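Chains as they are written, first to last, in this note's numbering: chain A, 3 to 381; chain B, 3 to 381.
Heads up, the beta-carbon is just placed ideally off N, CA and C, and yes, glycines get one too.
Predicted model, so just to flag it, every value in this text is computed and none were measured.
There are 2 protein chains.
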Amino acid sequence: MFHFTITHHDQSSSARTGLLHTPHGSIRTPAFIPVATQAAVKALSPAQIEEIGFEAVLCNTYHLYLRPGSKTVQKLGGLHRFMGWNKPIFTDSGGFQVFSLNDGLCTVNDDGVEFKSHIDQSKHLFTPEKSIQLQQQLGADIIFTLDVCHDFNADYPTAKKAMERTHRWAERCWKEFQRENQKKGIVQALYGIVQGGKFKDLREESARFIAKLPFQGIGLGSIFGEPKAPTLEVLKWMMAILPHEKPKHLLGIGSVDDIFNYVELGVDTFDCVLPTRLARVGYVFLRPESRGKVRNKFRTRITNARFKEDKKPLDQHCGCYVCQNFSRAYIRHLFKAKELLAYTLTTHHNLFFFQRLMQEIRESIENDALGRMKKKWLK
Amino acid sequence: MFHFTITHHDQSSSARTGLLHTPHGSIRTPAFIPVATQAAVKALSPAQIEEIGFEAVLCNTYHLYLRPGSKTVQKLGGLHRFMGWNKPIFTDSGGFQVFSLNDGLCTVNDDGVEFKSHIDQSKHLFTPEKSIQLQQQLGADIIFTLDVCHDFNADYPTAKKAMERTHRWAERCWKEFQRENQKKGIVQALYGIVQGGKFKDLREESARFIAKLPFQGIGLGSIFGEPKAPTLEVLKWMMAILPHEKPKHLLGIGSVDDIFNYVELGVDTFDCVLPTRLARVGYVFLRPESRGKVRNKFRTRITNARFKEDKKPLDQHCGCYVCQNFSRAYIRHLFKAKELLAYTLTTHHNLFFFQRLMQEIRESIENDALGRMKKKWLK
């Protein structure tokens, strides 16, 4: 039931539009996938996520495994029913959280990775097989292989060792995935993750290895939070090798300029906590017509004193529910008064910003005008 | 533009249905008015409040005076525009918060009441004139006189002194209200508040005094949080004297049994933080069909371990957005995971419970079946 159709190719880049078909409906790509870490997009209801126009969310296996437990989610009918979201869901493998939340305290060997719960310090082991089993219990539409995550700037031996382990784990993940899929007829898609740090030969080797396995899609790993120029190079090396027809997901990315650059290289989906996390500390996104630009990272901080009596909406060129109904002064007041509605309204606005950005990117690709749009946004 | 029409009288009690017409639309009574202390119903957007079916909210003058300031709200176009709510709004006088949040630290004399801000400890003075001016700046549809609040169980001399001062303040409030209303043509309704503690002669004297002044409606003060039997008596004394045709608002009340009892005495509107405040600590209301009863205060605590794998909605006989889409297990999970959505969903459910209760009470009155409904609920 899972397949990917490319619907249009941009004339001057590798960007493309597509349709990612899943058992819970289709996703128009390129798409931004909001993060629902603990089976909830922070501060918004599924009805609001749908109202904004999103067609999928991404949940974190690590968090749901620890609380409420993936077996509990399974007993309750799986993630879709559990969180009241009947459209496509992605889950990550849990690897990233194990490595990042444990900050050097986890123990990796060929078998898997041992870590302590950030909730109660209890010890746990993730193996490739277990990560797949957990993701099958959760029941998302698109799931990922367990990979060894590391800093983008890790040295060559570290990156090589992690990549080789990632490859062995990818094979084990695929095997486990197939076993269950054949036995129980679970209809999920598994994305294999490319690693290799910042090194050309490793990234190319990893891309070739992952490309050869019969994954339904490809995840591009360990790119986030790094200097932009080198990561763009790394992406180019991988994309040159990876099979054109497979959907590609860039894990943990999106700033506005990253999205333009990576869409141009052929990336289809992105997930990132940026719009939701920033919303909760008062940062709101601005379109280029409203002075959003690379220099101000397309955002302003609504808690700033200069908005105290500002009658204008967050962004006069936005058009979301929030910008149609509330002033900057009101939303600033909600932050100052610590009203929960503050987080709901800024999260809604920021996600609308990304949803509309992706919609305009898709339209631009279809009109062969992505270059013009990118120039307008990143000038 | 303000008037009150009684549309039906119950046959076996003093309950009545009515329509409270305001410049921002009508309110069907008896009605429960959700509290939006700082110009926001905690955890819900105005769109959600409207979706639930509410026709009015009540904001607290004390809080808005201190933050963002009533002049700021006025500059931003008044409360309705400020908070994006275009239906009727009530504001209280600020008196209750001054007396309760300052807990013996405020200084009252005939001029007014001096208090310290709970935000920054700065000193402020509320006089009857100032309370009216602030409420005129905020621009709600229905506003209240400044009264001297005290514990229901205060002794006779204390209650008498507070009542007499409340009466002098009521006259000053009316005078100030009229002056501004005539000068600027502001269309608001002013409710005068009856006091008198637990003493029959004082409550009757206060009811007679407030009834004689040309207020558009009557507020019934200092009833909350007290033993039920005596407060019911106090209400009866007042209602026997107060003019039948004027709308009556009971300040700060709402438990389910209180609402039935006071509706039967002829109370038209209620405001209370109970459903919203309890929601945020995990208490959810249950209808009688779902084992809600006086003994369990019509509620259960969703954070309880027994709901960990409970697939059922909060209340199987509810029908709100939350009960149509989410399980007890999911909402318990959101509380355990401290997800903001937890507070939104339980608040939504609890307010829906009260909105539907009032709707059914109105229907029962119109069908002369309030007694039967009360028996079913309070058995």
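Against chain B, does residue i count as a neighbour if the rule is that its beta carbon must be under 8 Å from one of theirs?
{"i": "residue 346(A)", "result": "yes"}
{"i": "residue 329(A)", "result": "yes"}
{"i": "residue 437(A)", "result": "Within the shown structure, residues of chain A are numbered from 3 to 381, placing residue 437(A) beyond reach of any answer."}
{"i": "residue 336(A)", "result": "yes"}
{"i": "residue 77(A)", "result": "yes"}
Tell me which residues share the same chain as residue i and place their Cβ nearer than 7 Å to its Cβ, disregarding the 5 neighbours each side in the sequence.
{"i": "residue 380(B)", "result": "259, 262, 296"}
{"i": "residue 210(B)", "result": "243"}
{"i": "residue 200(B)", "result": "154, 155, 232, 236"}
{"i": "residue 88(B)", "result": "26, 82"}
{"i": "residue 288(B)", "result": "294, 300, 301, 302, 317"}
{"i": "residue 110(B)", "result": "150"}
Rounded to the nearest angstrom, how far is the Cβ of residue i from that of residue j, given a contact under 8 Å?
{"i": "residue 271(A)", "j": "residue 32(A)", "result": "7 Å"}
{"i": "residue 67(B)", "j": "residue 136(B)", "result": "5 Å"}
{"i": "residue 204(B)", "j": "residue 47(A)", "result": "Contact flag wrong, Cβ pair sits at about 49 Å."}
{"i": "residue 142(B)", "j": "residue 190(B)", "result": "7 Å"}
{"i": "residue 130(A)", "j": "residue 178(A)", "result": "7 Å"}
{"i": "residue 327(B)", "j": "residue 86(A)", "result": "4 Å"}
{"i": "residue 37(A)", "j": "residue 275(A)", "result": "5 Å"}
Got a sec: does the ligand HEM put a non-hydrogen atom nearer than 7 Å to the Cβ of residue i?
{"i": "residue 193(B)", "result": "Among the components of this structure there are no ligands whatsoever, and the ligand HEM is therefore not found."}
Kindly say whether residue i, judged by its beta-carbon, lies nearer than 8 Å to any beta-carbon of chain A.
{"i": "residue 80(B)", "result": "no"}
{"i": "residue 69(B)", "result": "yes"}
{"i": "residue 63(B)", "result": "no"}
{"i": "residue 129(B)", "result": "no"}
{"i": "residue 278(B)", "result": "no"}
{"i": "residue 74(B)", "result": "yes"}
{"i": "residue 332(B)", "result": "yes"}
Among residues of its own chain, excluding the 5 on either side of residue i, which ones have a beta-carbon nearer than 8 Å to its beta-carbon?
{"i": "residue 19(B)", "result": "8, 9, 10, 30, 31, 32, 364, 367, 368"}
{"i": "residue 225(A)", "result": "154, 233, 236, 237, 252, 253, 254, 255"}
Spatial neighbours of residue i within its chain, please: CB distance less than 6 Å, with the 5 preceding and 5 following residues excluded, ordered by chain position.
{"i": "residue 45(B)", "result": "345, 346, 349"}
{"i": "residue 252(A)", "result": "222, 264, 269, 272"}
{"i": "residue 55(A)", "result": "357"}
{"i": "residue 291(A)", "result": "319"}
{"i": "residue 266(B)", "result": "15, 17"}
{"i": "residue 248(A)", "result": "219, 220"}
{"i": "residue 373(B)", "result": "14"}
{"i": "residue 329(A)", "result": "313"}
Tell me whether the region 310–321 of chain A and the region 75–93 of chain A touch, counting them as touching only if at least three CB pairs, one residue from each stretch, are closer than 8 Å.
no
What residues from the region 307–325 of chain A come within 8 Å of chain B, judged by C-beta to C-beta, listed N to C?
Those would be 310, 311, 313, 323, in chain order.
Would you call the region 54–68 of chain B and the region 85–99 of chain B touching, i.e. three or more CB-CB distances under 8 Å?
Yes, the region 54–68 of chain B is in contact with the region 85–99 of chain B.
Would the region 139–151 of chain A and the region 165–178 of chain A be scored as touching if the rule is three or more Cβ pairs under 8 Å?
yes
Quick check: the region 349–358 of chain B against the region 271–283 of chain B, are there 3 or more CB pairs under 8 Å?
yes
Short-range partners of chain A found in the region 85–101 of chain B, where Cβ spacing is below 8 Å
85, 86
Relative to chain A, which residues along the region 41–57 of chain B have a C-beta separation below 9 Å, given in chain order?
41, 42, 43, 44, 45, 46, 47, 48, 49, 50
Count the C-beta pairs between the region 369–379 of chain B and the region 322–334 of chain B that are closer than 8 Å, then say yes if the count reaches three, no if not.
Segments in contact, no.
With a threshold of 8 Å, are at least 3 pairs of Cβ atoms found where one atom belongs to the region 214–221 of chain B and the other to the region 161–168 of chain B?
no
Which residues of the region 183–212 of chain A have a Cβ closer than 8 Å to any Cβ of chain B? Give them in chain order.
none
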